[in-house]
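Number of protein chains: 2
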Amino acid sequence: MRARSGPTIADVAAASGVGVGTVSRVINNAEHVRAGTRLKVLAAIEQLGYRPSHLAAALSRGRPRTVAIVIPHLTRPSAVERLAGALSVLDKHGYDTVVCNVGSPAQRDHHLAALTARHRAAGVIIVSLPLSRHQVAEFRAAAIPLVAVDVSLPGLPHTIIDDVAGGELATRHLMSLGHRRIGFVGDKFPSKKAPALGFRSSDRRLAGYQRALTAAGLPSDAHLVRLGPHGPATAEALAAQLLGLPVPPSAIFAASDTQAMGVLSAAERSGIAIPGQLSVVGFDDIQAAELLGLSTVRQPLEDSGVMGAERLCAIMRGDEIRPLRQLLPLRIVHRRSSATVGHRPVTGATEQAGQQTPTIAELGGMPCD
Amino acid sequence: MRARSGPTIADVAAASGVGVGTVSRVINNAEHVRAGTRLKVLAAIEQLGYRPSHLAAALSRGRPRTVAIVIPHLTRPSAVERLAGALSVLDKHGYDTVVCNVGSPAQRDHHLAALTARHRAAGVIIVSLPLSRHQVAEFRAAAIPLVAVDVSLPGLPHTIIDDVAGGELATRHLMSLGHRRIGFVGDKFPSKKAPALGFRSSDRRLAGYQRALTAAGLPSDAHLVRLGPHGPATAEALAAQLLGLPVPPSAIFAASDTQAMGVLSAAERSGIAIPGQLSVVGFDDIQAAELLGLSTVRQPLEDSGVMGAERLCAIMRGDEIRPLRQLLPLRIVHRRSSATVGHRPVTGATEQAGQQTPTIAELGGMPCD
DNA sequence: GTGAAAGCGCTAACAC
DNA sequence: GTGTTAGCGCTTTCAC
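Residue numbers (this note's numbering), protein chains in the order written: chain S, 1 to 369; chain V, 1001 to 1369.
Structure follows, in structure tokens:
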């Protein structure tokens, strides 16, 4: 019917004088095969240059050795790190990983719908995206294991951090350095015109910021909170607003490192010294943070991918996941961008040394449910 | 035998009172189906909640609708941008994309070998990785379309840039600003202990740098060339060496933006003003470059992924690709990090305005073969 | 136009 | 232990 593209299991069977069943067993390292037989088969495989067909195996088995990872804004540093973490373990377990990058709700829904089709994926990792009850139900109906990373999915395994606590951590760090007037730069809930993917991290971090302020008896000045679409350019503009205030903040907490970079940039533009005149704290600890000497709340990005993937593998293996909620630890990494109010800069080797010993405050890490 | 997981084409056929062949035609939008019949079938599909099985279709067709992209160091900004570009077009064409991140030669060989197995991928995009003649032959033997991005693959379609010309571009830019003592920070050919993936970009950019220097009648001082393992930390150290020289360079060209960031960082540590005392030019124009005001040689990263993917799709569609070599354009983006020798800084709005009008020098863009 | 039937290459029962 | 066989769900001739 079609041109055959290579030797099949039948050819191997014929060549080695055994049945296809035996060849299959050898391929899959199943037991109940005599050593001699195995060798014969292996020789035939080698000689014929036989390569098993994933497709046929998967169809026959009823389930592909493929998992999908649905991840928004792939090019953001935090997303890639998560992806890389997941890929490394999926790889190790022999899964093919198809990556679905989503940049809009439409794209998200498209991918999600496609993934519940038959034989599409043996499991799915969903990153940062809140799913509707209906979407979750589709996966359940299709019996496709689903785990979430960086987003809470009730009833399903999810690996997350406590964003509120993170916001508190950052704010308390700043307050411990003597800052009393602390600005916040974060994401704004977008308009209907640009419907978003439902990220809540920034909001939660803001909540933590406010909580910490309140707990310390500090007023939370609405003027000090600036929100806008995610991205360094916006963050830069927002920070510029903050710095232009009659009484500007002495510190700014940005909801992400990317945004913190915008803040740094704004300060540089305005000739404001970091950390002399302004302390900045970010969130995530992406790779650029270290390079820029950015103080930040570190979350284990790569690990989140690793954990999510490992849990998915466990489920696909048939294991039960308990507890469903896995909380990853957060900690402050104190670098050059934050210092005590009115800090006088030190240059050269001294500062370098200082940077080598970041102050660290731990939090979380305890799984709970 | 196995628990059936949902309605099949046969169920749809039965429900709509037609044969499976007809259903198949409907699913694939094939012709020769009466409109009425089509509607009936569509109704049955809807009613049964039928989802076609990719696996079965692929097996039957002899070729999956899956392509693989093999890409080293996924977490590097340049790699992600390429990946994102490729994903967007593959997605649009309805392909699943499995991503193979490679961090070592062993991993590379592992993935490459796996991909030549039967029914594994309908096509492969290989990014930045030089392939051995043998590896290429394997793909050819397996009749798996292969295209390269950011690496030249003789006899196969490849989308690349002219790294030598890029190196020249950067160097000439610096020279045009009056710089005569220009340092270079790039990748060193790693030792056997840490066998690398064979990237040659840094070397070629260095060659361009030397060529430009020579063409301008400037001596190329070996002390001004510093090489080390890729990464900002190393670059920072190398730049520090350069800055510590008895007669330090007035400008540094880094083989990548990531390394340029290390250079910037080193300058900041040493209290050296950018661009007052030191001009810096990078390569790639990753997203962070704009934010940092880093002058750089821009290469179309995302586009390279787009182009590679489009060419792969074309081949899978049966088209011929001519010419094989596709050269993407390069251009200098002049930002704050480079200026004339002895430049006096301007602050505030003035500088902001200046940054809005980067000088641009074009090069390449013409396909050739 | 449409139906029937033969694969695609493999896994998994089941018999021996 | 090993061979045989019946699917897995679809595409694609080939008759009608």
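For each residue, glycine too, the CB sits at the ideal point set by N, CA and C.
(message) Report the start-end ranges of each beta strand (DSSP E) in the segment 1119 to 1162 of chain V that is 3 residues or longer and not cut off at the edges.
(response) 1123 to 1127, 1146 to 1149, 1158 to 1160
(message) Let me check understanding here. Comparing Cα to Cα, which of Val281(S), Gly49(S), Thr258(S), Gly308(S) lies closest to alanine 1288(V)?
(response) Thr258(S)
(message) Here's the rule I'm using: 16 or more other beta-carbon atoms within 10 Å means buried, otherwise exposed. How should serine 152(S) be labelled?
(response) exposed
(request) Indicate whether at least one CB of chain S lies closer than 9 Å to the CB of glycine 1123(V). (result) no
(message) For chain V, check one thing: does any of its Cβ atoms lie closer than 9 Å to the Cβ of glutamate 387(S)?
(response) The question about residue 387(S) has no answer, for chain S in this structure spans 1 to 369.
(message) Output needed for cysteine 1313(V): all residues of its chain with C-beta closer than 6 Å, excluding positions within five of it in sequence on either side, in chain order.
(response) His1093
(request) Would you mind stating whether valine 1281(V) and alanine 1251(V) have Cβ atoms separated by less than 9 Å? (result) yes
(request) Report the residue from Arg1076(V), Ala1165(V), Val1041(V) whose alpha carbon sits nearest the alpha carbon of leucine 1328(V). (result) Ala1165(V)
(request) Select from Leu1115(V), Gly1293(V), Val1333(V), Pro1064(V) the residue whose C-alpha is nearest the C-alpha of methionine 1316(V). (result) Pro1064(V)
(request) Less than 8 Å between the CB atoms is what I'm expecting for alanine 122(S) and threonine 66(S), so what's the real figure, rounded? (result) 6 Å
(request) Give me the Cα-Cα distance between valine 23(S) and proline 1052(V), rounded to the nearest whole angstrom. (result) 30 Å
(request) Compute the Euclidean distance between the alpha carbons of alanine 216(S) and serine 176(S), then round it to the nearest angstrom. (result) 10 Å
(request) Ignore the nearest five residues each way along the sequence and tell me which others in aspartate 1285(V)'s own chain have a CB closer than 8 Å to its CB. (result) Asp1257, Thr1296, Val1297, Arg1298, Gln1299, Leu1301, Val1333
(message) Does the CB of glycine 282(S) have a neighbour CB from chain V at under 9 Å?
(response) no
(message) Below 8 Å, how does it come out for the segment 14 to 22 of chain S and the segment 41 to 49 of chain S: are there three or more Cβ pairs, yes or no?
(response) yes
(request) Verify the CB distance criterion: does proline 52(S) have a CB-CB separation below 9 Å to chain V? (result) yes
(request) Could you please give me the residues that DSSP links to glutamine 326(S) through a beta bridge? (result) Thr159(S)
(message) For a cutoff of 9 Å on Cβ pairs, would you count serine 132(S) as touching chain V?
(response) no
(request) Quick one: grab the DSSP three-state call for valine 1080(V). (result) helix
(message) Does chain V have any CB closer than 9 Å to the CB of alanine 289(S)?
(response) no
(message) Taking 9 Å as the threshold (beta carbon to beta carbon), is serine 1304(V) in contact with chain S?
(response) no
(message) Here's the rule I'm using: 16 or more other beta-carbon atoms within 10 Å means buried, otherwise exposed. How should proline 232(S) be labelled?
(response) buried
(message) Among Gly155(S), Arg325(S), His119(S), Ile144(S), whose alpha-carbon lies nearest the alpha-carbon of arginine 133(S)?
(response) Gly155(S)
(request) State the Cα-Cα distance for the pair glutamine 277(S) and glutamine 1277(V), rounded to the nearest angstrom. (result) 23 Å
(message) For a contact defined as C-beta to C-beta under 7 Å, what are the partners of proline 232(S) on chain V?
(response) Leu1291
(request) Locate the alpha helix (DSSP H) running through valine 1185(V), then write down its first and last residues. (result) Run containing valine 1185(V): none in the alpha helix (DSSP H); it sits in the beta strand (DSSP E), 1182 to 1187.
(message) If I follow the unbroken alpha helix (DSSP H) through alanine 68(S), where does it start and stop?
(response) Looking at the DSSP string, alanine 68(S) is not in any alpha helix (DSSP H); the run it does join, the beta strand (DSSP E), is 66 to 72.
(message) 9 Å is my cut-off, CB to CB: does leucine 435(S) come that close to chain V?
(response) With chain S covering only 1 through 369, there is no way to say anything about residue 435(S).
(request) Determine the burial state of leucine 1245(V): buried for a count of at least 16 other Cβ atoms within 10 Å of its Cβ, exposed for fewer. (result) exposed
(message) Give me the residue from Ile182(S), Leu291(S), Pro130(S) with the minimum Cα distance to arginine 200(S).
(response) Pro130(S)
(message) Within 10 Å of its beta-carbon, does alanine 255(S) have 16 or more other beta-carbons around it, so buried, or fewer, so exposed?
(response) buried
(message) Please return the same chain residues whose Cβ sits closer than 7 Å to the Cβ of asparagine 101(S), not counting the five positions on each side in sequence.
(response) Ile71, Leu74
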